[in-house]
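Participant:
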Amino acid sequence: MFDVLTRAGCFIAIIIIGYVLRKVNFFKEGDFAVLSKITLKITLPAAFISNFSGKELDPSMLSFTLMAFGAGVLYMVLGYVISLRKSRDEQAFTILNLPGYNIGNFTIPFVQSFLGPVGVITTSFFDAGNAFICLGGAFGVASSIKGSGKFSIKRIVKALSKSVAFLTCVTMMILGLLGITLPAPVIELAEIV
6 MFDVLTRAGC FIAIIIIGYV LRKVNFFKEG DFAVLSKITL KITLPAAFIS
56 NFSGKELDPS MLSFTLMAFG AGVLYMVLGY VISLRKSRDE QAFTILNLPG
106 YNIGNFTIPF VQSFLGPVGV ITTSFFDAGN AFICLGGAFG VASSIKGSGK
156 FSIKRIVKAL SKSVAFLTCV TMMILGLLGI TLPAPVIELA EIV
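Residue 6 is where the sequence shown starts when you use the working numbering, and the numbers rise one by one after that.
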């Protein structure tokens with residue numbers, strides 16, 4: 006129990022350190038974009054690769070993906086209903102921001118630390134459903150409400166196809182379901198990253 010509390014305390018300390026460094030102007034405004042790119046395009050995909058590799062996946066785990074997708078759709082509908090009497094801009098803003106879970110940047114480090122690869126895999130299946138909503142679905146719906154009113158699947162697919170983290174997660178899920186393992190040097194590099 007002490008180990009779990011110590012590890013949780015370390016994660017909280019890292020968050021506090023980041024907050025304090027921001028308050029004392031250690032980070033500049035432009036640093037956010039760089040750190041975000043490193044996290045979403047390098048670190049997070051590497052975590053997916055290292056945690057999925059060599060693990061046999063049960064197709065029933067896809068239920069987590071469907072659960073997250075359903076929850077995202079439900080939150081978009083809820084966002085639409087609660088902002089029904091507001092301007093189109095406010096409706097679009099609510100629909101865009103209500104359905105997201107911060108799984109990649111916040112949850113996965115905790116899960117990886119406490120539950121290991123099995124926890125990351127389960128969380129990643131949920132995150133894949135969440136990504137359909139956050140990395141394209143909500144944007145498509147919000148854009149149609151704010152703009153012409155036409156829903157565009159093309160816009161959603163385009164947004165998802167540009168997300169390195171989403172593409173890596175889906176690729177590793179497919180490889181895991183098919184029982185295909187990446188070469189050892191690739192896995193080792195991902196573990197180091």
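Even glycine gets a Cβ: it sits at the ideal position worked out from N, Cα and C.
Does the separation of the CB atoms of Met81 and Pro104 fall below 9 angstroms?
Facilitator: As a working note, residue 81 is residue 76 in the sequence shown. As a working note, residue 104 is residue 99 in the sequence shown. Yes, these two residues count as a Cβ contact at 9 angstroms.
Participant: Is the number of C-beta pairs between the stretch 122-129 and the stretch 44-62 that are closer than 8 angstroms three or more?
Facilitator: yes
Participant: Using only CA atoms, which one of Phe171, Ile161, Leu194 and Leu40 lies nearest to Gly145?
Facilitator: Your numbering for residue 145 matches position 140 in the sequence shown. Closest by alpha carbon: Ile161.
Participant: Can you name the start and end residues of the alpha helix (DSSP H) that Cys174 belongs to?
Facilitator: Along the sequence shown, read from residue 1 onward, the residue named residue 174 stands at position 169. For Cys174, the enclosing alpha helix (DSSP H) begins and ends at Val169 to Leu183.
Participant: Between which two residues does the alpha helix (DSSP H) carrying Pro50 extend?
Facilitator: As a position in the sequence shown, residue 50 is number 45, starting the count at 1. Taken as a continuous stretch (DSSP letters only), the alpha helix (DSSP H) holding Pro50 covers Leu49 to Phe57.
Participant: What do you reckon, are the CB atoms on Cys139 and Gly77 nearer than 9 angstroms?
Facilitator: Residue mapping note: residue 139 aligns to position 134 of the sequence shown, counting from 1. Residue mapping note: residue 77 aligns to position 72 of the sequence shown, counting from 1. Result yes, Cβ atoms of Cys139 and Gly77 sit closer than 9 angstroms.
Participant: Would you report the Cα separation of Phe119 and Gly152, rounded to the nearest angstrom?
Facilitator: Locating residue 119 in the sequence shown gives position 114, counting from the first residue. Locating residue 152 in the sequence shown gives position 147, counting from the first residue. The C-alpha of Phe119 lies about 44 angstroms from the C-alpha of Gly152.
Participant: For Arg93 and Ala164, I'd like the C-alpha separation in whole angstroms.
Facilitator: Here residue 93 is taken as the residue at index 88 of the sequence shown, counted from 1. Here residue 164 is taken as the residue at index 159 of the sequence shown, counted from 1. Looking at the two C-alpha atoms, the distance is approximately 22 angstroms.
Participant: How long is the line joining the alpha carbons of Gly35 and Met66, rounded to whole angstroms?
Facilitator: Here residue 35 is taken as the residue at index 30 of the sequence shown, counted from 1. Here residue 66 is taken as the residue at index 61 of the sequence shown, counted from 1. Going by the C-alpha atoms only, they are around 39 angstroms apart.
Participant: Out of Leu62, Glu61 and Thr99, state which residue places its alpha-carbon closest to the alpha-carbon of Leu79.
Facilitator: Looking up residue 79 in the sequence shown gives position 74. Per the Cα distances, Thr99.
Participant: My assumption, with CB atoms under 8 angstroms, is that Met178 sits in contact with Ala133. Please give the rounded CB distance.
Facilitator: As a position in the sequence shown, residue 178 is number 173, starting the count at 1. As a position in the sequence shown, residue 133 is number 128, starting the count at 1. The Cβ separation is near 6 angstroms, so the contact holds.
Participant: Going straight from the alpha carbon of Leu187 to that of Ile197, what length do you get?
Facilitator: Numbered from 1 along the sequence shown, position 182 holds the residue referred to as residue 187. Numbered from 1 along the sequence shown, position 192 holds the residue referred to as residue 197. Rounded to whole angstroms, Leu187 to Ile197 spans 15 angstroms at the Cα level.
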